[in-house]
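Residue numbers (the UniProt record's numbering): 1 to 511. Where a beta carbon is used, it is the ideal one built from N, C-alpha and C, also for glycine. Following: one structure in structure tokens, then a few remarks.
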Amino acid sequence: MFDTTTARAADSAHDPEQRPHAVVIGSGFGGLAAAVRLGARGYRVTVLEKLDKPGGRAYVFEQDGFVFDAGPTIVTAPFLFEELWELAGRKLSDDVELRPVDPFYRMRFADGTTFDYNGDPETMRQRIAKLSPDDVAGYERFLETSREIFEVGFQQLGHVHFGSIMDMARVAPDLMRLRGDRSVYQTVSRYVKDERLRVMLSFHPLLIGGNPFHASSVYCLISYLERHWGIHFAMGGTGRLASGLAKLVEGQGNQIRYHAQVEEIEVADGRATGVRLTTGERIPAEIVVSNADSAYTYRRMLPPQVRKRWTDRKLDRARYSMSLFVWYFGTKRQYSETAHHTILLGPRYKELIEDIFERKILADDFSLYLHRPTATDPSLAPDGCDSFYVLSPVPHMDAGIDWSQQAQAYRARIADFLERTELPGLRENIVSEHMITPQDFQDRLLSERGAAFGLEPRLTQSAWFRPHNKSEDVEGLYLVGAGTHPGAGLPGVLSSARVLDQVVPDASEFA
């Protein structure tokens with residue numbers, strides 16, 4: 001871990017205006033984590049945020065007394081947050097309470113079967129024995145495999161900079177040994193035979209924008225990561241973590257500017273020299289860190305002549321994650337039998353995923369993630385009420401779907417499904433609601449093609465094959481967030497900021 005005492009001592013030794021200036025574009029978790037780390041290393045940091053509050057995809061909506069987390073709701077690997085608070089001389093527990101969630105997920109299968117998935121080995125053995133007795137031993141072998149993948153994929157490679165093809169060559173033997181060429185679903189299917197268990201153990205790539213039938217088996221590490229650290233919820237909502245990080249940045253004497261949209265990263269002699277806002281204001285900097293969508297950063301913020309690797313042609317040929325349709329709603333009654341996290345599965349698995357990722361059509365059926373944060377924190381809704389969001393994976397904007405015409409009808413179909421399966425009487429109890437569609441991801445969050453997670457996580461778009469944390473095209477430009485290494489999800493974007501410690505020069509080098 002970085003030596004926080006030395007960092008703070010070095011920081012205090014400089015007049016703030018004399019410290020080298022780092023501009024961070026975007027205040028998502030990757031950008032805020034980068035800002036804290038750079039501040040601890042002696043940089044003067046300015047975070048520029050397009051919206052009116054921090055969080056990026058982790059934006060918080062407050063409406064009619066309800067609090068809705070717009071983005072990530074599943075907190076794993078809490079040590080990555082604890083590390084950031086330590087870098088700022090504080091404890092995470094001083095500002096945010098992380099409460100364990102059990103079960104991790106309630107799985108509701110199309111046949112009506114439910115399964116409460118958690119991290120306790122004995123409980124899981126008993127539940128699997130009840131669901132599919134012949135698969136208990138296979139499940140335990142799968143967990144051992146996921147542990148081996150976790151030790152390589154997360155602990156050894158998740159925080160390492162892949163700056164050259166040789167870095168990739170060095171890990172190739174491990175990837176071959178772990179059969180990184182197999183998909184998550186193929187790997188799971190080697191261990192369990194019951195299709196419900198195959199779905200339950202292979203759906204995790206969808207949480208980071210991946211197709212379980214194409215995402216590398218490396219992403220099986222998520223199963224062990226959850227078991228190792230558990231799943232937590234930030235009391236007050238995930239937005240409490242974003243606002244807490246923003247306070248850390250400001251507590252370091254640094255600045256976050258809202259309603260400040262970057263138009264261009266300025267480059268001179270191959271080096272980033274600052275940024276220009278949409279207002280025309282220019283902000284000089286020694287280094288620039290982009291937490292914007294990586295494809296948007298290269299395509300929209302940099303002139304074509306400086307892009308030798310991430311050209312428009314390369315970006316056009318890349319594969320992007322699916323998008324999301326998210327419906328937020330508050331009810332005037334409580335659904336106390338509904339778990340905090342519920343996965344509601346439709347009758348098709350592979351075929352539906354192919355509709356989303358390959359055929360890019362809006363199917364008649366769907367599988368849903370239902371979030372009920374008031375199961376853990378009732379303060380997120382008025383007394384006697386519940387706060388929800390339901391998320392449906394859908395194709396990104398290349399599908400050509402006109403969401404201004406389709407959104408209400410799609411929402412109505414989801415409401416029908418929820419009333420039948422999980423939330424009886426839903427329609428008559430809704431008192432507050434709003435929706436986010438792929439159009440919002442494209443227009444409001446500036447995501448290429450409205451993809452909710454940036455580049456699709458597959459073997460040929462992982463590690464060295466992703467946009468690098470240290471730009472290959474522009475000196476002094478660095479990338480964090482879902483579109484760079486290691487990828488999407490809270491552990492991924494926080495780890496991308498951790499990689500900067502290896503590639504960003506010490507502030508003293510600019511003296």
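_Give the list of continuous alpha helix (DSSP H) stretches no shorter than 4 residues that lie fully inside the segment 143 to 215._
165 to 177, 184 to 189, 195 to 202, all fully within the segment 143 to 215.
*Leaving out the 5 sequence neighbours to the left and right, which residues in its chain are closer than 8 angstroms to residue 139 when beta-carbon positions are compared?*
Annotation for residue 139: 124, 125, 128, 191, 192, 197, 201 place their beta carbon closer than 8 angstroms to its own, counting only its chain and skipping 5 residues before and after.
*Considering only residues of the segment 7 to 94, which uninterrupted beta strand (DSSP E) runs meet the minimum length of 3 residues and lie entirely inside it, listed in chain order?*
Counting whole runs of 3 or more residues, the segment 7 to 94 contains the beta strand (DSSP E) stretches 21 to 25, 44 to 48, 60 to 63, 66 to 69.
*N-terminal and C-terminal residue of the beta strand (DSSP E) that residue 353 is part of*: Boundaries around residue 353 are those of the alpha helix (DSSP H), 350 to 354, since no beta strand (DSSP E) includes it.
*Please report the Cβ distance between residue 432 and residue 63, rounded to the nearest whole angstrom; I am assuming they are in contact, meaning their Cβ atoms lie under 8 angstroms.*
Indeed they touch by this definition, with Cβ atoms about 5 angstroms apart.
_Outcome for residue 96 when other beta-carbon atoms lying within 10 angstroms are tallied against a minimum of 16_ = Buried.
*residue 247 - DSSP class collapsed to helix/strand/coil*: Residue 247: helix per DSSP, three-state reduction.
*Can you tell me which of the three DSSP states residue 117 falls into?*
The DSSP-derived three-state label of residue 117 is strand.
*Can you give the beta carbon distance from residue 81 to residue 92, rounded, assuming they're within the 8 angstroms contact cut?*
5 angstroms between Cβ atoms; contact.
*What does DSSP give as the partner residues of residue 268 in its beta bridges?*
Partner(s): 271.
*When you compare only the Cα positions, how much space is there between residue 273 and residue 307?*
Near 16 angstroms, if we compare the C-alpha coordinates of residue 307 and residue 273.
*Would you give the residue range spanned by the beta strand (DSSP E) that residue 416 belongs to?*
No beta strand (DSSP E) holds residue 416; the alpha helix (DSSP H) holding it covers 403 to 421.
*Who are the near neighbours of residue 213 in its chain, counting only those whose CB is closer than 7 angstroms to its CB and skipping five residues on each side?*
Non-local beta-carbon contacts of residue 213 in its own chain, meaning distances under 7 angstroms to residues more than five positions away in sequence, involve 183, 185, 350, 353 in chain order.
*asked:* Can you tell me which residues form a DSSP beta bridge with residue 328?
replied: DSSP output for residue 328 lists 389, 434 as bridge partner(s).
*Is there contact between the segment 358 to 372 and the segment 330 to 341, where contact requires at least three CB pairs shorter than 8 angstroms?*
The answer is yes - the segment 330 to 341 touches the segment 358 to 372, with three or more Cβ pairs under 8 angstroms.
*Once you ignore the five residues that flank residue 37 on each side, which residues in its own chain have a CB closer than 8 angstroms to its CB?*
In chain order, 2, 84, 87, 497, 498, 500, 501 place their CB closer than 8 angstroms to the CB of residue 37, counting only its own chain and leaving out the 5 sequence neighbours on each side.
*Mind checking residue 492: buried by the 16 CB within 10 Å criterion, or exposed?*
With 16 or more other Cβ atoms within 10 Å, it is buried.
*Answer with buried or exposed for residue 173, where buried requires no fewer than 16 other C-beta atoms within 10 angstroms of its C-beta.*
With fewer than 16 other beta carbons inside 10 angstroms of its own, residue 173 counts as exposed.
*DSSP three-state call for residue 1: helix, strand or coil?*
Any reading at residue 1 must be qualified, since the residue scores a pLDDT of 41, below 50, and its modelled position is unreliable; the value itself is stated next. Reduced to three states, the DSSP call for residue 1 is coil.
*asked:* What does the alpha-carbon distance come out to for the pair residue 511 and residue 268?
replied: Each residue's alpha carbon lies about 20 angstroms from the other.
*Since residue 503 is in the alpha helix (DSSP H), which residue starts that stretch and which ends it?*
Judged by DSSP secondary structure, residue 503 falls within the alpha helix (DSSP H) whose first and last residues are 490 to 503.
*Could you pull the start and end residues of the alpha helix (DSSP H) that residue 374 belongs to?*
Note, residue 374: premise wrong, no alpha helix (DSSP H); not H, not E.
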